[in-house]
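Here the structure comes first, spelled out in structure tokens, and everything after it is commentary.
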Amino acid sequence: MNDKVGSKTVLSYLYVCPTNKRKIMVLTDPEFESSVLISSDEGASFQKYRLTFYVLSLLFHHTEEDWALAYSHDQKVR
Numbered sequence: 001m002n003d004k005v006g007s008k009t010v011l012s013y014l015y016v017c018p019t020n021k022r023k024i025m026v027l028t029d030p031e032f033e034s035s036v037l038i039s040s041d042e043g044a045s046f047q048k049y050r051l052t053f054y055v056l057s058l059l060f061h062h063t064e065e066d067w068a069l070a071y072s073h074d075q076k077v078r
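Here it is as structure tokens:
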């Protein structure tokens, strides 16, 4: 991982885009920090996005690789 992510980031889940296998999303452990890391180059580099909610489940859209759906405990669509 690159310096933007940090060497002490705790990861929870890895998701691979069904339409573009080079694109991946990684969820961090919300007990330490709630964020999603997105890579378009098979994990060579990542962009980190902080989340203001706890992600229960995350899904890539089945045809639009830049769309994702996150489910949270409060049952609101984000």
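For the sequence shown, UniProt numbering gives the first residue as 1, with consecutive numbering after it. Virtual Cβ for every residue (Gly too), placed ideally from N, Cα, C.
Going by DSSP, which residues form a beta bridge with residue i?
i	result
ARG50	SER35
SER72	VAL55
VAL10	In the DSSP output, where bridge partners are listed per residue, VAL10 has none listed.
Does DSSP classify residue i as helix, strand or coil?
i	result
THR28	strand
Quick one: is residue i buried, meaning 16 or more other Cβ sit within 10 Å of its Cβ, or exposed?
i	result
VAL55	buried
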